[in-house]
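Q: Protein sequence lines, in the order shown, are assigned to chains A and B. Take 1 as the starting number for the first sequence in full-length UniProt numbering and just add one per residue. Take 1 as the starting number for the second sequence in full-length UniProt numbering and just add one per residue. Even glycine gets a Cβ: it sits at the ideal position worked out from N, Cα and C.
Number of protein chains: 2
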Amino acid sequence: MARTAGSFGGVTGPRVLSTAQRLFARHGYAAVSMRQIASEVGVQAGALYNYIPDKQSLLFDLMRTHMDEVLQAWEDEPHPTGDPLAELEAFTRFHVRFHLERREAVFIAYMELRNLDPENLEALLARRKAYEESLTDILRRAKAARLVSISDPKVAAYGVIAMLTGVQTWFKDGGDLSREKVADIYWEMTRGAVGAMRG
Amino acid sequence: MARTAGSFGGVTGPRVLSTAQRLFARHGYAAVSMRQIASEVGVQAGALYNYIPDKQSLLFDLMRTHMDEVLQAWEDEPHPTGDPLAELEAFTRFHVRFHLERREAVFIAYMELRNLDPENLEALLARRKAYEESLTDILRRAKAARLVSISDPKVAAYGVIAMLTGVQTWFKDGGDLSREKVADIYWEMTRGAVGAMRG
DNA sequence: GTCTATATCTCGATAGAC
DNA sequence: GTCTATCGAGATATAGAC
């Protein structure tokens with residue numbers, strides 16, 4: 001019956017991932033050593049290799065998992081279909097909410113692309129492209145229905161996503177604005193940016 | 001008369017800076033070694049220390065210089081005063097143009113804040129804040145004159161700057177869109193995002 | 001599953017010859 | 001001003017005992 005301390009429920013593995021995520025987000029992948037991660041997990045550096053093959057895999061696992069969760073979360077998000085503007089509002093609020101809920105993972109996903117091996121980079125960019133495409137598709141249909149005044153749905157999608165993602169660089173809980181209120185503001189800005197009719 | 005090869009016109013010093021800028025932008029500060037920089041400059045690692053006291057100073061010099069140049073360039077940029085919407089258009093076009101002209105420096109300025117020593121970070125954030133404030137000020141006056149529909153000039157400034165800066169993540173020269181045309185699109189999106197009257 | 005110990009390598013920075 | 005040589009530290013990853 002007796003088992004090794006760390007194996008109860010398999011807590012060490014997940015702790016390696018969450019600790020690495022926190023440290024990578026705070027100091028950057030290249031600036032964080034395996035010894036630092038091990039130290040915060042509470043094991044020796046060598047023990048990490050029971051859970052991950054190497055440092056690069058650790059980074060890629062975090063980034064791939066994050067992107068898969070974003071894609072899955074948007075797929076699962078209840079949102080209307082058939083009304084492009086309603087879809088755009090749902091996407092905007094979803095993106096702001098999700099990016100405020102997962103700030104560490106979001107930060108890593110945007111900052112550490114350069115540190116991915118070529119094949120890992122390719123895999124990650126494919127997922128990012130799929131996510132961007134879900135917004136571009138909404139904007140394309142909105143344009144076709146003459147609900148927005150944009151000329152280039154792809155460029156508009158880049159602009160909107162950059163604007164929305166930026167919320168995580170300044171927002172602080174406990175300030176003047178609630179997350180709800182911030183989402184309202186960003187939806188107002190998004191609606192304006194794409195030239196949607198006010199209604 | 002004879003001087004050491006590298007000292008003619010003092011070319012090595014600037015080359016250290018430009019090489020470091022290129023490498024930091026491409027691979028990240030922490031991932032680039034002094035030996036790499038020296039190798040691309042064409043000298044041995046030890047020779048770098050004739051031009052810079054240490055690696056951290058090299059990073060800070062690049063970032064501080066960039067921010068000072070942004071601030072100076074906007075100050076020198078001919079733009080109307082007194083008409084907040086005309087100022088906003090000038091700022092938008094200036095920001096897009098400048099950020100496409102200095103992509104390496106811009107990239108570093110946004111990605112390497114975490115690698116600055118505390119006192120250097122403070123100095124850099126003060127400059128960034130001053131730049132953001134020049135946009136916030138425009139938006140505040142535009143709001144006072146009821147030319148825009150935003151509720152919070154500070155949040156609107158964050159949103160606009162994030163949207164505009166994002167142009168450097170996707171724009172490629174030689175594609176379907178010229179820089180001029182891209183600036184037109186971003187001005188259209190900015191005008192909409194702040195809820196400016198169409199005129 | 002974690003430990004200690006270590007192999008192998010690279011890092012930033014310095015010293016001193018020329 | 002650049003070189004060679006090197007110091008001391010810290011890096012990733014592995015081996016083998018328990």
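#1: Take the Cβ of A:M197 as the centre, count every other Cβ of all protein chains shown within 10 Å, and call the residue buried at 16 or more, exposed below.
#2: Evaluate contact between the segment 49-60 of chain A and the segment 84-99 of chain A, counting only Cβ atoms and requiring at least three cross-stretch pairs below 8 Å.
#3: Would you kindly report the start and end of the unbroken alpha helix (DSSP H) that includes A:I108?
#4: How should B:M189 be labelled, buried or exposed, when 16 other C-beta atoms within 10 angstroms of its C-beta is the threshold for buried?
#5: Checking 8 Å against the spacing of the C-beta atoms, do B:G159 and A:G192 come in under that value?
#6: In chain B, what lies closer than 7 Å to A:Y158 by C-beta?
#7: Given a cut-off of 8 Å, decide if B:W74 and B:S149 are closer than it, judged by their beta-carbon atoms.
#8: In angstroms with no decimal places, state the Cα-to-Cα distance between A:G13 and A:E101.
#9: Along the alpha helix (DSSP H) that carries A:G159, what are the first and last residues, could you check?
#10: Under the rule that 16 or more other beta-carbon atoms within 10 Å means buried, what is A:A109, buried or exposed?
#11: Just to check my reading of the structure: B:A162 and A:G166 have Cβ atoms closer than 8 Å, yes? What is that Cβ distance to the nearest angstrom?
#12: According to the Cβ coordinates, are A:A31 and B:N115 closer than 8 Å?
#13: Consider the Cβ of A:G28: report whether some Cβ of chain B lies at a distance smaller than 8 Å.
#14: Just checking my contact of B:R22 with B:M67 at CB under 8 Å: how many whole Å lie between their CB atoms?
#15: How about B:A142 and B:L85: do their beta carbons lie closer than 8 Å?
#16: What whole-angstrom Cβ distance do A:E89 and A:W187 have, given they're in contact under 8 Å?
#17: Taking the alpha carbon of A:H79 as the reference point, which residue from A:I138, A:Y51 and A:L124 has its own alpha carbon closest?
#18: Please list the partners that B:S151 has in chain A, where partner means a Cβ-to-Cβ separation under 7 Å.
#19: Looking at A:A130 and residue 207 of chain A, is the spacing between their C-beta atoms short of 8 Å?
A: Let me spell this out:
#1: exposed
#2: no
#3: R103 to M111
#4: buried
#5: no
#6: G166 and W170
#7: no
#8: 22 Å
#9: P153 to T165
#10: buried
#11: 3 Å
#12: yes
#13: yes
#14: Contact flag wrong, Cβ pair sits at about 19 Å.
#15: yes
#16: 6 Å
#17: A:I138
#18: I185
#19: Lying outside 1 to 199, the shown extent of chain A, residue 207 of chain A is not represented and no answer is given.
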